[in-house]
Amino acid sequence: VRRYFGRKLLIYILTFFIAVTVDWMIPRFMPGNPITILISRAGLRGNAVSEMYTYYLDAFGLDLPIWKQYLSFWAAILQGDLGTSIYLFPTPVKDVILRAVPYDLALLIPSTLLSWWAGNKFGAYAARSKKLDNTLLPLGYILTATPYMWLGILLAWVFAIVLGIFPVAGGFGFDLQPDLSWRFIGSLVHHWFLPFASLFIVQFGGWAIGMRNLIIYELESDYSHYLEALGAPRKLVRRYAFRNAMLPQLTGLALSLGAVVSGALATEVVFGYPGIGYLILQAINNEDYFLIQGCFLFVVIGVLLANFIIDVAYLIVDPRTRTGMQGGAG
Amino acid sequence: MIKATASLPVPVKKKNEFLYFAFKNTKLRVGLGILLFFLVLMVVGPQLTEYEPTDFVGPSGAPPSADYWFGTTSFGEDVFTQFVYGLPATFMVGIIGGGLATVLGMTIGFIAGYRGGVVDEVLNILTNVILTIPALALLLVLSAYVKVRGIFIESIFIGLTTWPWAARAIRAQTFTLRTRDFVDLAKLNGRSALKIVFTEIAPNMASYLFMTFILMFGGAILTAATLDFLGLGPTQGTSLGLMMNMAVLWSALPLGTWWWFVPPGIGITAIVGGLYIMNVGLDEVFNPKLREM
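Heads up: the sequence lines are chains X and G, in that order. If you're matching positions, the first sequence starts at 207 in my numbering and goes up one per residue. If you're matching positions, the second sequence starts at 51 in my numbering and goes up one per residue.
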């Protein structure tokens with residue numbers, strides 16, 4: 207167990223290290239000069255340009271040798287300093303992001319967990335039952351092939367524009383101020399529902415198909431045939447198959463996180479939902495490089511944390527590692 | 051010599067059997083049919099329309115009619131024309147992006163799976179690291195800094211960020227094959243590792259490799275659609291994702307011009323869905339256990 211965790215931890219640390227390095231490298235080695243853009247946006251002329259240029263170089267520490275810049279970038283990150291947003295000047299990037307994070311969590315956690323749970327149950331139920339298999343599984347394939355944002359657009363069109371049941375955009379009503387009143391919470395939930403639904407639906411299809419295929423594999427394996435030959439009831443065999451299929455699905459959950467986050471980013475843009483995805487696009491459109499860096503870093507940290515939680519869950523669920531932990535002969 | 055004569059009748063018979071099951075498999079036929087339909091539409095489409103995708107041809111925001119099959123955009127561009135001119139971009143991203151991801155995945159997967167040991171550990175860690183970083187976030191940041199982008203660059207970016215899926219799958223498969231007798235035999239014959247991989251291991255998992263490519267193909271199309279939709283796709287030309295981007299940007303939603311954003315989405319979903327369904331069909335053809343009689 208310790209070895210397992212040691213390796214995982216190494217991967218996490220390395221991922222974080224590489225992500226930070228990439229984050230640091232991108233603005234420095236890409237074509238285009240952020241400072242020139244900053245200055246041209248300020249609309250300065252003549253002498254002021256070169257003066258501002260040296261000022262910015264100095265302020266961002268870009269005149270230092272490369273390795274020093276790299277070290278100071280790390281030092282700043284470890285102190286939780288992500289710089290100042292240009293687009294929402296003078297708010298620190300960290301504050302801008304922390305304001306957006308609750309919306310992301312509210313979208314991602316319920317939609318991922320619920321779709322995983324419901325998809326698994328449904329997939330296991332549909333496996334080898336002819337009617338469901340032939341009617342509803344093609345639907346599952348269509349769902350997994352649907353681009354997140356397109357489903358979002360469709361839902362927004364049908365439920366917000368045509369039927370007018372849900373609002374089209376935003377995190378809460380434009381006429382409201384954030385407070386703890388019931389009206390505000392109601393508005394939050396109201397705005398939350400459509401983005402949640404579109405994330406849930408696309409993911410649901412994938413889990414249902416995955417589970418269905420795994421169950422079929424398990425039912426064809428030797429132990430299932432053996433159980434059947436012994437005369438075990440069909441229900442019991444299926445229960446064992448389900449339990450065995452859960453483990454790969456749990457691994458799948460960890461692997462899919464990157465894709466889910468990507469989907470959430472696109473969905474937020476469709477609904478103008480004020481999470482990190484929406485923020486990244488704003489940052490890109492406004493060429494707010496510090497905010498882009500900060501968002502990227504936050505997304506990576508989030509995915510790493512979620513991966514860690516799933517690893518722990520895996521340890522608890524998998525009987526083999528469990529006996530290993532209790533000092534059994536695992 | 052003996053091997054050659056003894057094994058000759060088997061592949062012939064096997065091939066026929068595969069073809070037989072392939073033809074009988076509904077999923078494979080449906081998936082392939084959808085794909086062929088869009089390929090034909092891509093080739094024939096430009097002949098069916100007299101306009102260019104950016105021509106202002108008619109009334110703005112007209113619903114589908116005999117003149118404008120898919121209606122027109124708010125600028126009076128023909129949606130059908132944009133649709134058929136956008137299809138090549140979709141297929142190109144799939145082939146280049148998915149292809150690059152598969153090739154990279156094969157390289158890493160074969161080396162890691164065949165060599166094992168420390169090489170495997172290192173490559174495995176690398177794969178997991180890239181897998182953990184959300185590809186889209188990385189792509190967004192990359193695209194934000196590259197100001198002039200073509201479909202080719204986009205495909206390369208996608209290939210470079212999505213290969214870990216393929217690498218994992220191929221590594222696992224190589225791992226199970228490398229201890230088989232025929233690989234040992236080839237080793238005893240003193241063949242080089244490279245030759246063994248290409249003559250003994252790869253052919254034995256050809257179906258698997260092909261299926262990996264199909265999945266990467268579909269994945270690349272979806273990723274490209276998302277990038278295009280966010281306005282970070284190609285800076286010139288048409289694509290299905292770009293159509294959705296324009297539609298949402300120019301408020302097709304509040305105006306209710308659904309014919310602007312529905313066709314590109316259907317196109318992407320149908321192509322990717324067709325690929326996935328084809329993949330399941332192929333799986334059943336190659337793996338008799340999954341066949342349902």
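From the three backbone atoms N, C-alpha and C, an ideal C-beta is built for every residue, glycine too. All of these numbers come straight from a predicted model, not from anything done at the bench.
Kindly indicate which three-state DSSP category G352/X falls into: helix, strand or coil?
As a first step, residue 352/X must be located in the first sequence, where it is residue number 146. It is Thr, not Gly, that sits at residue 352/X in the sequence shown. Per DSSP, reduced to three states, the secondary structure at T352/X is coil, with no helix or strand assignment.
Let me know the alpha helix (DSSP H) ranges lying completely inside the region 86 to 131 of chain G, each 4 residues or longer, listed in chain order.
none
Please list the partners that Y446/X has in chain G, where partner means a Cβ-to-Cβ separation under 7 Å.
Here residue 446/X refers to the residue found at position 240 of the first sequence. Within 7 Å Cβ-Cβ: nothing; Y446/X doesn't reach chain G, min ~18 Å.
What residues are listed by DSSP as bridge partners for T290/X?
In the first sequence, counting from the first residue as 1, residue 290/X sits at position 84. Under the DSSP definition of a beta bridge, T290/X partners with P298/X.
For chain G, find out if any of its Cβ atoms is closer than 8 Å to the Cβ of P353/X; answer yes or no.
Start at 1 with the first residue of the first sequence, and residue 353/X comes out as number 147. Answer yes: the Cβ-Cβ gap between P353/X and chain G drops below 8 Å somewhere.
If you follow the alpha helix (DSSP H) that A236/G is part of, which residue opens it and which one closes it?
Locating residue 236/G in the second sequence gives position 186, counting from the first residue. According to the DSSP assignment, A236/G belongs to the alpha helix (DSSP H) that extends over 231 to 238.
If you drop the 5 nearest sequence neighbours on each side, which residues of the same chain put their C-beta closer than 8 Å to that of V62/G?
Working through the second sequence from its first residue, we reach residue 62/G at position 12. Residue confidence is low: V62/G scores 48 on pLDDT, short of 50, so the model does not pin down where it sits. No coordinate-derived value is stated.
My assumption, with CB atoms under 8 Å, is that T350/X sits in contact with G411/X. Please give the rounded CB distance.
The residue given as residue 350/X occupies position 144 in the first sequence. The residue given as residue 411/X occupies position 205 in the first sequence. Indeed they touch by this definition, with Cβ atoms about 5 Å apart.
List the residues of chain G whose Cβ lies closer than 8 Å to the Cβ of V506/X, in chain order.
Start at 1 with the first residue of the first sequence, and residue 506/X comes out as number 300. The answer, in chain order, is T182, I183, P184, A187.
Near-chain X residues of the region 298 to 330 of chain G (beta-carbon distance less than 7 Å), N- to C-terminal order
V298, L303, P304, G306, W308, F311, G315, I318, T319, V322, G323, Y326, I327
Determine the burial state of L137/G: buried for a count of at least 16 other Cβ atoms within 10 Å of its Cβ, exposed for fewer.
In the second sequence, residue 137/G corresponds to position 87, counting from 1. So L137/G ends up on the buried side.
With distance defined between alpha-carbon atoms, name the residue in I407/X, T297/X, R418/X nearest to W356/X.
Counting from 1 along the first sequence, the entry for residue 356/X is found at position 150. Measuring from the Cα of W356/X, the nearest candidate turns out to be I407/X.
Tell whether a beta-carbon distance below 8 Å holds between N174/G and A162/G.
On the second sequence, residue 174/G is found 124 positions in, with the first residue counted as 1. On the second sequence, residue 162/G is found 112 positions in, with the first residue counted as 1. Taking 8 Å as the Cβ cut-off, N174/G and A162/G qualify as a contacting pair.
Pop quiz: N75/G and E334/G are said to be a contact at Cβ under 8 Å. What is the actual Cβ separation, rounded to whole angstroms?
Looking up residue 75/G in the second sequence gives position 25. Looking up residue 334/G in the second sequence gives position 284. Indeed they touch by this definition, with Cβ atoms about 6 Å apart.
For W300/G, which three-state DSSP category applies?
Translated into positions along the second sequence, residue 300/G becomes position 250. Three-state result, W300/G: coil.
Which residues, in order along the region 481 to 506 of chain X, keep a beta-carbon less than 7 Å from a beta-carbon of chain G?
I486, L487, I490, I498, F502, V505, V506
Own chain residues within Cβ distance below 8 Å of Y429/X, not counting five before or after:
If you number the first sequence from 1, residue 429/X lands on position 223. Cβ-Cβ distances below 8 Å link Y429/X to Y446 in the same chain, with the five nearest sequence neighbours on each side left out; the list follows chain order.
With 16 as the cutoff for other CB atoms within 10 Å, does P113/G come out buried or exposed?
Here residue 113/G refers to the residue found at position 63 of the second sequence. The residue is exposed, with fewer than 16 neighbouring Cβ atoms inside 10 Å.
So which of I391/X, I482/X, I415/X, L510/X has the shortest CA-CA distance to Y309/X?
Taking the first sequence and counting its residues from 1, the one referred to as residue 309/X is at position 103. Residue I482/X is the option with its Cα nearest to Y309/X.
Backbone CA spacing between A297/G and D494/X [nearest angstrom]
For this step, residue 297/G is matched to residue 247 along the second sequence. For this step, residue 494/X is matched to residue 288 along the first sequence. Approximately 26 Å between the Cα atoms of the pair.
So what's G166/G in DSSP terms, helix, strand or just coil?
If you number the second sequence from 1, residue 166/G lands on position 116. Correct three-state label for G166/G: coil.
Distance between F232/G and S193/G (C-alpha atoms, nearest Å)
In the second sequence, residue 193/G corresponds to position 143, counting from 1. In the second sequence, residue 232/G corresponds to position 182, counting from 1. When rounded, the distance between both Cα atoms is 47 Å.
Give the straight-line distance between the Cα atoms of L511/X and G200/G, rounded to the nearest whole angstrom.
Residue 511/X sits at position 305 when you count from the first residue of the first sequence. Residue 200/G sits at position 150 when you count from the first residue of the second sequence. About 35 Å.
Going by the CB atoms, is the gap between V505/X and A275/G shorter than 8 Å?
In the second sequence, the residue the question calls residue 275/G occupies position 225. In the first sequence, the residue the question calls residue 505/X occupies position 299. No.
Local Cβ density within 10 Å of Y479/X, reported as buried at 16 or more and exposed below that
Locating residue 479/X in the first sequence gives position 273, where the first residue counts as 1. That one is buried.
Helix, strand or coil, according to DSSP, for T307/G in the structure here?
The count along the second sequence starts at 1 and reaches residue 307/G at position 257. T307/G falls in the coil class under three-state DSSP.
Against chain X, which members of the region 203 to 226 of chain G pass a CB distance test of less than 7 Å?
none
Taking 8 Å as the threshold, find out whether the region 411 to 428 of chain X comes into contact with the region 442 to 460 of chain X through three or more Cβ pairs.
yes
State the start and end residues of the unbroken alpha helix (DSSP H) segment that holds M255/G.
By one-based count along the second sequence, residue 255/G stands at place 205. M255/G: not part of any alpha helix (DSSP H); DSSP gives it neither H nor E.
Along the region 462 to 477 of chain X, where does the CB come closer than 9 Å to a CB of chain G? Name the residues.
L463, G464, A465, V466, V467, S468, G469, L471, A472, V475, V476
If you run the structure through DSSP and keep just helix, strand and coil, what is R199/G?
Along the second sequence, one-based indexing puts residue 199/G at 149. If DSSP states are grouped into helix, strand and coil, R199/G belongs with coil.
CB-CB length for P109/G against G83/G, believed under 8 Å:
As a first step, residue 109/G is located in the second sequence; it is residue number 59 there, counting from the start. As a first step, residue 83/G is located in the second sequence; it is residue number 33 there, counting from the start. With 8 Å as the limit, P109/G and G83/G do not qualify as a contact, their Cβ atoms being about 35 Å apart.
Taking the straight line between their C-alpha atoms, what separation do you get for G95/G and L86/G?
Numbered from its first residue, the second sequence carries residue 95/G at position 45. Numbered from its first residue, the second sequence carries residue 86/G at position 36. Each residue's Cα considered, the two are about 13 Å apart.
With a threshold of 8 Å between beta-carbons, can L456/X be considered close to chain G, or not?
Walking along the first sequence from the start, residue 456/X turns up at place 250. Chain G contact via Cβ: absent.
Output the distance between the C-alpha atoms of W363/X and S404/X, rounded to the nearest integer angstrom.
Reading the first sequence from its first residue, position 157 is the one you call residue 363/X. Reading the first sequence from its first residue, position 198 is the one you call residue 404/X. Distance between the alpha carbons of W363/X and S404/X is about 12 Å.
Cβ pair F133/G, P314/G closer than 8 Å:
Here residue 133/G refers to the residue found at position 83 when the second sequence is read from its first residue. Here residue 314/G refers to the residue found at position 264 when the second sequence is read from its first residue. For F133/G and P314/G, yes; Cβs fall inside 8 Å.
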